[in-house]
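Novice: Numbering (full-length UniProt numbering), first residue to last: 1 to 621.
Sending over a structure as structure tokens; questions will come in a sec.
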Amino acid sequence: MRYLPMRRSKLVGTEGPGSLVISPEGETAVVGALDLWFKDSYGKKSINIEEFTVHEPRLKAILKVDKFYTPPEFRKASTNAMEVVPNSNLVMPLMRFPKWHYCSSCRSLRELELDQTSVYLDCPKCNQKRYYKQVPFVVICEHGHLSDFPWRKWVHGNEETKCEGNLVIQMGGGTTLDSWRIVCEKCKDSRDLQRVTSFDKENNTSYLGNQLNKNKAGNYTCEGERPWCDDNKEECSAAPVAILRNSISVYMSKKISALAIPGDYSENVDLIVSKIQSPAKHLVRTNLSLLDNLEKKVKFIRENLRFDLKEDATDQEIEDALMYIQSGDEYEYTEEELEKPGLLIKEKEFEKLTSEVNSRELKVEPEWEFDKDEAVNGNYYKPYLQRLSRVLKLKETTALYGFDRKDYKNTTEYSSYYPSLYKDFESAHEKWLPVNEVYGEGIFLQLNLEKVVEWESSSEVQNYFNSYLERIRHVEHRDDSILKPRNIMIHTLSHFLIDELANVCGYNRAAIRERLYIDEAQVGVLIYISAGDSEGTLGGLVRLGLEEKFFHILDKAKNNAEWCSSDPVCTELGKTQGQGVNGLNGASCYNCSHIPETSCEFWNLYLDRSLLIDPNFGYFK
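This is the structure we're talking about:
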């Protein structure tokens, strides 16, 4: 393929290792494994990787990896021999996939190589150069493998076929799969693609696996291909599923994120840490790694960061900063604590967001706090809330630790996904993961816990929610961490707030995200933007966190929740059979509470307007 521009943030998300990316010309390629990264356009690996190092001790302690690196940016090498551009010509590895193509004229099928660049090729049947199009199907399995559709095996109905005849696609006039027929011109075997994408969830079998071998007992199984690892293969017995190559089920990234929070050290230590970790100081980090003892490192920092340090910075503070960066020992968790990593990360964040903070990477300014005396004559919403804070600055670090295909699985066994990102995980010199750092701003809202407990324990809420739990009890891979009335209620409120804030803050809905803090003692949400540069965003969202503006927005959000253009159908379905994937939503659909999936922590699932505004049991009834 030709060079394709890619966003670094997407490489730690929807376009990570093993994903399919589409070029402007419509060609598809698979992103290479992590051990193929950090090479220049000539395939050589001679770079200063320290420039791309990111330090996030809390994530490092949870994920148990050696390093975090950001995806490299592309810098063109200078034509001036006297000018050296560091880490120049770094490109991401892309391999053409699917490999099977068909002639745009005669529709003859042909398998190309992973590294094929041009698709204008000599067609043996047309006897002239033709443009070759990629086939629309690939094959995936639940273990994360990705294969070409077995065209030759399918048409002959035998995975052990020896026929090498030319295959041709015959397309009927319809748009369904049965209008596609594959014909072998040598032996005249033919077969259509009817139901080829079908999957039987109850028996965990696919139509492709059941029907490929027409005259042989036993199902066809996944071939275990990993094209993002240079055609590396594994043994696999899973059922293969044929799917359109642009389907969302082909690649579902697994990510975990954390906000940077000030440590328990002095302001000087935080300053030293931030200076050493800044992208501009990558040469400082490189030289530090070459020094063999702490005393030399302290002296080196004194000499090379003398203009960045405060006059009262002590050697002990420099040592503390270096130890913090080196090991992250401030965050050492037990195995029991690691069973709930989301709570571990957010517990400390919640503590900081509910207080006043003024550090270099997190600035929290309390705006309003509940006062019983004020609530008597205050506005309608204040008794339901505990705290409103404006987050003037935040830094979010997101790590990609793996991916799922076919179905998204809820698991905290992060390390089980690491091998899927590597060509050879066991032989890797360093166990590292790709991360992305962004700065932003936000609004933090905490609900009144006493009011929430009183509401949640009422018989009306319990009866309604128990019927919901009964309805979804057979759903696999559901996320039990959010299955409480309070959690779904504040999640739904968050969506309506994002919708209303997007109308007036200057950012679109896709740029605004939610971060839920839900536990026995936590009922809050951070609505934030993390799309700015190293200096943060423009303040359009945080200014709406002022008391006189926010409560007006909350009122409009609550009013929007009371009506959906699909009512009464939306509300009635929510109370009877549910909506969305596996019926996990109540009164929630695309016409009322859905936002861009990248903005939602739970992929637009676990939402219900009724828990907010139902006249009998809603929180704001």
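From the three backbone atoms N, C-alpha and C, an ideal C-beta is built for every residue, glycine too.
Do N582 and H594 have their C-beta atoms within less than 8 Å of each other?
Specialist: Reading the sequence shown from its first residue, position 582 is the one you call residue 582. Reading the sequence shown from its first residue, position 594 is the one you call residue 594. In this structure, H594 does not lie closer than 8 Å to N582 by Cβ.
Novice: Could you pull the DSSP bridge partners for W432 from this structure?
Specialist: As a working note, residue 432 is residue 432 in the sequence shown. DSSP, once it has assigned bridges, lists K67 as partnering W432.
Novice: Would you decide whether D407 is buried or exposed? Buried here means 16 or more other CB atoms lie within 10 Å of its CB.
Specialist: Numbered from 1 along the sequence shown, position 407 holds the residue referred to as residue 407. It counts as exposed.
Novice: Using 8 Å as the threshold, is the C-beta distance between S389 and E367 below it?
Specialist: Position 389 of the sequence shown, counted from the start, is the residue given in the question as residue 389. Position 367 of the sequence shown, counted from the start, is the residue given in the question as residue 367. Closer than 8 Å, so yes.
Novice: What does the alpha-carbon distance come out to for the pair L421 and E349?
Specialist: In the sequence shown, counting from the first residue as 1, residue 421 sits at position 421. In the sequence shown, counting from the first residue as 1, residue 349 sits at position 349. So the two alpha carbons sit approximately 29 Å from each other.
Novice: For H495, which of H477, C600, M6 has the nearest alpha-carbon?
Specialist: Walking along the sequence shown from the start, residue 495 turns up at place 495. With distances taken between Cα atoms, H495 lies closest to C600.
Novice: Could you pull out every residue in the same chain whose Cβ sits closer than 6 Å to the Cβ of Q211, ignoring the five residues on either side in sequence?
Specialist: Here residue 211 corresponds to residue number 211 of the sequence shown, with the count starting at 1. Only residues of its own chain outside the window of five on either side were considered, and among them none has a CB closer than 6 Å to the CB of Q211.
Novice: How far does the alpha helix (DSSP H) with I613 in it extend, from its first residue to its last?
Specialist: Sequence index remark: in the sequence shown, residue 613 carries index 613 (1-based). Start and end: 610-613.
Novice: Cα separation between G13 and K133?
Specialist: Translated into the one-based positions of the sequence shown, residue 13 becomes position 13. Translated into the one-based positions of the sequence shown, residue 133 becomes position 133. Each residue's alpha carbon lies about 27 Å from the other.
Novice: From G165 to E111, what does the alpha carbon distance come to, in whole angstroms?
Specialist: The residue you call residue 165 lines up with position 165 of the sequence shown. The residue you call residue 111 lines up with position 111 of the sequence shown. One C-alpha to the other measures close to 13 Å.
Novice: Per DSSP, what kind of secondary structure is L516 in: helix, strand or coil?
Specialist: One-based indexing of the sequence shown puts residue 516 at position 516. Strand.
Novice: Can you list, in chain order, the residues of its chain with a C-beta nearer than 6 Å to that of T537? Leave out the 5 residues immediately preceding and following it.
Specialist: Numbered from 1 along the sequence shown, position 537 holds the residue referred to as residue 537. The answer, listed in chain order, is G440, E441, I529.
Novice: Taking a contact to mean a Cβ-Cβ separation below 8 Å, would you say P72 touches F97 in this structure?
Specialist: The count along the sequence shown starts at 1 and reaches residue 72 at position 72. The count along the sequence shown starts at 1 and reaches residue 97 at position 97. Contact flag unset, no.
Novice: When burial is assigned at 16 or more other CB atoms within 10 Å of the CB, is A242 buried or exposed?
Specialist: If you number the sequence shown from 1, residue 242 lands on position 242. With 16 or more other Cβ atoms within 10 Å, it is buried.
Novice: What span of residues does the beta strand (DSSP E) with W563 cover, start to end?
Specialist: Locating residue 563 in the sequence shown gives position 563, where the first residue counts as 1. That residue, W563, is in no beta strand (DSSP E); it is neither H nor E in DSSP.
Novice: Give the DSSP-derived three-state secondary structure of H55 in the structure shown.
Specialist: Indexing the sequence shown from 1 puts residue 55 at position 55. Three-state DSSP puts H55 in coil, outside helix and strand.
Novice: Could you have a look at Y464 and say whether DSSP puts it in helix, strand or coil?
Specialist: One-based indexing of the sequence shown puts residue 464 at position 464. DSSP places Y464 in helix when its eight states are reduced to three.
Novice: My understanding is that F149 touches W100, with C-beta atoms under 8 Å, so please give their C-beta distance in whole angstroms.
Specialist: Here residue 149 refers to the residue found at position 149 of the sequence shown. Here residue 100 refers to the residue found at position 100 of the sequence shown. F149 to W100, Cβ: 7 Å. Contact.
Novice: Along the chain, where does the beta strand (DSSP E) that runs through P485 open and close?
Specialist: Start at 1 with the first residue of the sequence shown, and residue 485 comes out as number 485. Element bounds for P485: not the beta strand (DSSP E) but the alpha helix (DSSP H), 485-504.
Novice: So, L208 versus C184, is the Cβ gap smaller than 8 Å?
Specialist: Here residue 208 corresponds to residue number 208 of the sequence shown, with the count starting at 1. Here residue 184 corresponds to residue number 184 of the sequence shown, with the count starting at 1. Contact check for L208 against C184 fails: the beta carbons are separated by 8 Å or more.
Novice: When you compare the CB positions of V91 and L433, do they come within less than 8 Å of one another, or not?
Specialist: For the purposes of this step, residue 91 is taken as the residue at position 91 of the sequence shown. For the purposes of this step, residue 433 is taken as the residue at position 433 of the sequence shown. Against a cut-off of 8 Å, the Cβ pair of L433 and V91 comes out as no contact.
Novice: Hey, is the segment 274-285 in contact with the segment 302-311, meaning 3+ C-beta pairs nearer than 8 Å?
Specialist: A contact exists between the segment 274-285 and the segment 302-311.
Novice: Indicate whether the contact test is met: 3 or more Cβ pairs, each with one atom in the segment 614-621 and one in the segment 460-472, closer than 8 Å.
Specialist: yes
Novice: Quick check: the Cα distance between E354 and R387, rounded to an integer number of angstroms?
Specialist: If you number the sequence shown from 1, residue 354 lands on position 354. If you number the sequence shown from 1, residue 387 lands on position 387. As written in the sequence, residue 354 is Thr, which differs from the Glu given in the question. Distance between the alpha carbons of T354 and R387 is about 8 Å.
Novice: Please classify E470: is it buried, with 16 or more other beta-carbons within 10 angstroms of its beta-carbon, or exposed?
Specialist: As a position in the sequence shown, residue 470 is number 470, starting the count at 1. Under this definition E470 is an exposed residue.
Novice: Would L283 be called buried (16 or more neighbouring beta carbons within 10 Å of its own) or exposed?
Specialist: The residue labelled residue 283 in the question sits at position 283 within the sequence shown. The residue in question, L283, is exposed, as its Cβ has fewer than 16 Cβ neighbours within 10 Å.
Novice: Do you know offhand how far L59's Cα is from E351's?
Specialist: On the sequence shown, residue 59 is found 59 positions in, with the first residue counted as 1. On the sequence shown, residue 351 is found 351 positions in, with the first residue counted as 1. Distance between the alpha carbons of L59 and E351: 17 Å.
Novice: Taking all protein chains shown into account, decide if R75 is buried (16 or more other Cβ within 10 angstroms of its Cβ) or exposed.
Specialist: Position 75 of the sequence shown, counted from the start, is the residue given in the question as residue 75. It counts as exposed.
Novice: Does the pairing of the segment 306-326 with the segment 233-248 give three or more beta-carbon distances under 8 Å?
Specialist: no
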